[in-house]
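Trainee:
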Amino acid sequence: MPIISEKQNNQKQVLTLNELEKRKVVEHNSLITSIAKMDKTPLKMFELAVSCINTEEPPKDNTVYLSKRDLFAFFKVSDNDKHSRFKQAVEKMQKQAFFQIKEEAGKGFKFKSIVPIPYVEWTDYNDEVKIEFHREIMPYLINLKKNFTQHALSDIAELNSKYSLILYRWLSMNYNQHEHYSVKGGRRAEQVEAYRNPSISIKELRIMTDTIKEYSRFQSFENRVLKNAVVEITQHTSFNVSYEKVKKGRSVNSIVFHITKKRMADDNSYKLEDKDYQSDKEEKSRNEADLLKQAMESKYTRLLIENFLLSPLEMTDTALMAGLQKNVYPLYDELKELRGLNGVKDHLSYVSSKQEAYSKRNVAKYLKKAIEQYLPTVKRQDL
14 MPIISEKQNN QKQVLTLNEL EKRKVVEHNS LITSIAKMDK TPLKMFELAV
64 SCINTEEPPK DNTVYLSKRD LFAFFKVSDN DKHSRFKQAV EKMQKQAFFQ
114 IKEEAGKGFK FKSIVPIPYV EWTDYNDEVK IEFHREIMPY LINLKKNFTQ
164 HALSDIAELN SKYSLILYRW LSMNYNQHEH YSVKGGRRAE QVEAYRNPSI
214 SIKELRIMTD TIKEYSRFQS FENRVLKNAV VEITQHTSFN VSYEKVKKGR
264 SVNSIVFHIT KKRMADDNSY KLEDKDYQSD KEEKSRNEAD LLKQAMESKY
314 TRLLIENFLL SPLEMTDTAL MAGLQKNVYP LYDELKELRG LNGVKDHLSY
364 VSSKQEAYSK RNVAKYLKKA IEQYLPTVKR QDL
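If you count the sequence shown from 1, you need to add 13 to reach the working numbering.
So, in structure tokens, the structure goes:
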């Protein structure tokens with residue numbers, strides 16, 4: 014039986030495991046920065062359940078349904094003892110797992126402790142698992158209009174440490190804000206860059222990872238918590254992450270992380286080098302000529318010139334111009350559909366303001382990377 018979720022009309026919507034891995038987890042930032050008093054399995058189970066929530070159409074009775082079979086597949090559990098291990102994980106999640114949330118309230122702070130999933134129901138003869146969220150956790154999961162973070166469920170599937178999960182969620186929160194304010198404005202340039210290079214004090218990091226009383230020596234904390242998490246996140250998620258230690262006196266006082274988004278492909282160029290064209294030089298030449306003609310007539314070429322992202326000399330590079338038409342301009346069309354032509358203009362204006370930080374030797378590659386990083390943010394805002 015595939016994984017399923019319950020919608021408002023009480024109809025159960027079938028989801029295959031492959032579809033589930035494409036789903037997103039959306040949570041309020043207060044939940045991201047809370048203290049997760051649980052180990053990796055309950056936390057991953059919580060994230061898995063959250064991914065099945067339709068944020069605009071909350072599930073009836075705060076309940077979603079999962080399949081044991083696909084749940085085991087998500088956790089990559091295949092041994093004969095998996096059912097008893099699942100039972101133990103559920104019991105531990107209900108008895109020990111909770112979030113400690115700290116929110117601003119008036120002149121001070123309000124503190125909440127919430128058991129996120131108080132009720133789980135299953136049988137030994139059926140594949141269905143019923144998961145009911147606590148009513149107090151739902152405001153952090155549905156109808157989120159601002160101060161929320163979205164990340165791919167598939168990104169956390171391979172993370173094997175509680176600390177990796179916690180740090181990944183926090184890094185996603187910061188990078189989401191970097192992408193948002195890069196386009197929407199409302200922050201100074203240095204503030205926008207700070208979201209991509211977020212800093213956190215050791216004290217705050219220990220609180221968030223629930224290690225105040227553990228790994229008292231910084232070297233132990235770095236080896237057991239920090240290094241392992243950064244390696245796992247870089248290996249298994251869409252982020253490349255590094256960090257540097259900031260000292261105050263002789264002691265490490267804070268950590269600055271550096272986040273970059275991985276490219277979808279590892280090509281060295283976005284010019285026309287597809288094997289379909291290479292197999293037939295004459296056909297490649299015709300196609301390149303057509304793309305070149307379209308690029309020269311495109312309004313996007315004019316916008317690139319106006320924003321000093323394309324020079325008259327570069328326009329004489331036929332492969333470059335054909336590459337822009339084939340690989341970049343279709344993405345601008347997507348943005349235009351979502352934000353209109355002014356949205357494209359705003360994006361190129363921002364890209365132009367940041368171009369000094371990049372090599373201009375391959376302008377098509379640079380522009381493609383910029384729009385690929387921006388489009389997911391626009392689509393998320395339109396959910």
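We put the beta carbon where it would ideally sit given N, CA and C, even for glycine. It should be emphasised that the depicted structure is a prediction, and the values quoted were computed from it without experimental measurement.
With a 10 Å radius around its C-beta and 16 neighbouring C-beta atoms as the bar for buried, classify Ala-118 as buried or exposed.
Mentor: Within the sequence shown, numbered from 1, the residue matching residue 118 stands at position 105. Exposed, by the Cβ-count rule.
Trainee: In three-state DSSP terms, what is Gly-199?
Mentor: Numbered from 1 along the sequence shown, position 186 holds the residue referred to as residue 199. Coil.
Trainee: Give the secondary structure of Phe-146 by DSSP, where H, G and I count as helix, E and B as strand, and everything else as coil.
Mentor: Position 133 of the sequence shown holds residue 146. Coil, per DSSP.
Trainee: Using the Cβ count rule (16 or more neighbours within 10 Å means buried), how would you classify Ile-225?
Mentor: Indexing the sequence shown from 1 puts residue 225 at position 212. Exposed, because fewer than 16 other Cβ atoms sit within 10 Å of the Cβ of Ile-225.
Trainee: Across which residues does DSSP place Trp-135 in a beta bridge pair?
Mentor: Locating residue 135 in the sequence shown gives position 122, counting from the first residue. According to DSSP, Trp-135 bridges with Val-142.
Trainee: Which ranges would you report for the alpha helix (DSSP H) in the region 84-120 if only whole runs of at least 4 residues count?
Mentor: As far as the region 84-120 is concerned, its whole alpha helix (DSSP H) runs of at least 4 residues are 95-109.
Trainee: Along the chain, where does the alpha helix (DSSP H) that runs through Gln-338 open and close?
Mentor: Locating residue 338 in the sequence shown gives position 325, counting from the first residue. Neither: Gln-338 is in no alpha helix (DSSP H) and is coded neither H nor E.
Trainee: Answer with buried or exposed for Ser-47, where buried requires no fewer than 16 other C-beta atoms within 10 angstroms of its C-beta.
Mentor: Translated into positions along the sequence shown, residue 47 becomes position 34. Buried: at least 16 other Cβ atoms inside 10 Å.
Trainee: Taking Cβ positions, are Leu-380 and Asn-320 nearer each other than 7 Å?
Mentor: If you number the sequence shown from 1, residue 380 lands on position 367. If you number the sequence shown from 1, residue 320 lands on position 307. No, they are not a contact pair.
Trainee: Drop a sphere of 10 angstroms on the beta-carbon of Asp-168, count the other beta-carbons inside from all chains shown, and report buried for 16 or more, exposed for fewer.
Mentor: Position 155 of the sequence shown, counting from 1, holds the residue named residue 168. The residue is buried, with at least 16 neighbouring Cβ atoms inside 10 Å.
Trainee: Using DSSP with H/G/I as helix, E/B as strand and the rest coil, what is Asn-173?
Mentor: Residue numbering aside, residue 173 sits at position 160 when the sequence shown is read from its first letter. Note: Asn-173 maps to coil in three-state DSSP.
Trainee: Return the CA-CA distance between Phe-203 and Ser-324, expressed in angstroms with no decimal places.
Mentor: Walking along the sequence shown from the start, residue 203 turns up at place 190. Walking along the sequence shown from the start, residue 324 turns up at place 311. One detail in the question is off: residue 203 reads as Glu in this sequence, not Phe. Cα-Cα distance, rounded: 28 Å.
Trainee: Quick one, which of Val-269, Gln-248, Phe-234 has its alpha-carbon nearest Glu-257's?
Mentor: Working through the sequence shown from its first residue, we reach residue 257 at position 244. Comparing Cα positions, the closest option is Val-269.
Trainee: To the nearest angstrom, report how far apart Phe-252 and Met-186 are at their CA atoms.
Mentor: In the sequence shown, the residue the question calls residue 252 occupies position 239. In the sequence shown, the residue the question calls residue 186 occupies position 173. Their Cα atoms are separated by approximately 12 Å.
Trainee: Once DSSP output is grouped into helix, strand and coil, what is the label at Lys-275?
Mentor: Position 262 of the sequence shown, counting from 1, holds the residue named residue 275. In the structure shown, Lys-275 sits in coil (DSSP, three-state: anything other than H, G, I, E or B).
Trainee: For Phe-111, count neighbouring Cβ atoms within 10 angstroms of its own Cβ and tell me buried if that reaches 16, exposed if not.
Mentor: What you label residue 111 is simply residue 98 of the sequence shown in a count that begins at 1. Phe-111 comes out buried.
Trainee: How many Å lie between Arg-36 and Leu-326 at the Cα?
Mentor: Translated into the one-based positions of the sequence shown, residue 36 becomes position 23. Translated into the one-based positions of the sequence shown, residue 326 becomes position 313. Going from the Cα of Arg-36 to the Cα of Leu-326 covers about 44 Å.
Trainee: Per DSSP, Gln-163 is paired with what?
Mentor: Here residue 163 corresponds to residue number 150 of the sequence shown, with the count starting at 1. Answer by DSSP bridge pairing, in chain order: Val-39.
Trainee: For Gln-163 and Leu-56, I'd like the C-alpha separation in whole angstroms.
Mentor: Taking the first residue of the sequence shown as position 1, residue 163 is located at position 150. Taking the first residue of the sequence shown as position 1, residue 56 is located at position 43. Distance between the alpha carbons of Gln-163 and Leu-56 is about 16 Å.
Trainee: Should Ile-240 and Asp-52 be called a contact, given that it needs their Cβ atoms to be closer than 7 Å?
Mentor: Counted from its first residue, the sequence shown places residue 240 at position 227. Counted from its first residue, the sequence shown places residue 52 at position 39. In the sequence as presented, Ile is not what sits at residue 240; that position holds Lys. Not closer than 7 Å, so no.
Trainee: Taking DSSP as the reference, what is the three-state secondary structure of Glu-257?
Mentor: Residue 257 sits at position 244 when you count from the first residue of the sequence shown. Reduced to three states, the DSSP call for Glu-257 is strand.
Trainee: Could you check where the alpha helix (DSSP H) with Lys-216 kicks off and where it finishes?
Mentor: The residue labelled residue 216 in the question sits at position 203 within the sequence shown. First-last of the alpha helix (DSSP H) with Lys-216: 215-221.
Trainee: Mapping DSSP to helix, strand and coil, what is Asn-355?
Mentor: Here residue 355 refers to the residue found at position 342 of the sequence shown. Residue state, collapsed to three classes: helix.
Trainee: So, does the region 65-78 touch the region 204-212, judging by three or more C-beta pairs under 8 Å?
Mentor: Judged by Cβ distances under 8 Å, the region 65-78 makes no contact with the region 204-212, as fewer than three pairs qualify.
Trainee: Which residue from Leu-166, Ala-308, Leu-337 puts its Cα closest to that of Ser-64?
Mentor: Along the sequence shown, one-based indexing puts residue 64 at 51. Among Leu-166, Ala-308, Leu-337, the Cα nearest to that of Ser-64 is on Leu-166.
Trainee: Just to confirm the assignment, what range does the alpha helix (DSSP H) spanning Ile-48 have?
Mentor: Taking the sequence shown and counting its residues from 1, one reaches residue 48 at position 35. Premise fails: Ile-48 lies in the beta strand (DSSP E), 48-50, not in any alpha helix (DSSP H).
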